[in-house]
């Protein structure tokens with residue numbers, strides 16, 4: 513084994529859990545390597561709105577803060 517010649521090298525996760533997977537009877541061939549149905553490069557970038565950051569939450573009344581939130585939410589209905 514190559515790691516025997518390099519005692520300070522950390523074994524990959526695959527090598528470290530191989531015996532555990534065998535103990536529970538899991539065959540690695542049945543594990544999918546594709547986790548997402550859509551590759552990340554095809555996903556849209558998230559849109560982040562910082563409109564409420566102009567109000568200091570500790571100094572703004574809850575009613576005003578909630579009202580502004582609802583205004584913003586109404587404008588962004590197409591995003592959810």
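In my numbering, the protein residues as written are 513 to 592.
Just so it is clear, CB atoms sit at the ideal spot from N, CA and C, and this is done for glycine as well.
Keep in mind it's a predicted model, so treat the numbers as computed, not measured.
| Check | Outcome |
| --- | --- |
| Would you check if the region 565 to 581 and the region 545 to 556 touch, i.e. whether three or more CB-CB distances between them fall below 8 Å? | no |
| Assuming residue 533 and residue 540 are in contact, meaning their beta carbons sit under 8 Å apart, how far apart are those beta carbons, in whole angstroms? | 6 Å |
| Roughly how many angstroms separate the alpha carbons of residue 522 and residue 543, rounded to a whole number? | 24 Å |
| Considering just the uninterrupted stretch of the alpha helix (DSSP H) at residue 581, what are its terminal residues? | 574 to 587 |
| Rounding to the nearest angstrom, what Cα-Cα distance links residue 581 and residue 527 in this structure? | 50 Å |
| Hey, which unbroken runs of the alpha helix (DSSP H) at 4 residues or more fall wholly within the region 520 to 570? | 525 to 535 |
| Could you tell me the distance, in whole angstroms, from the CA atom of residue 520 to the CA atom of residue 529? | 18 Å |
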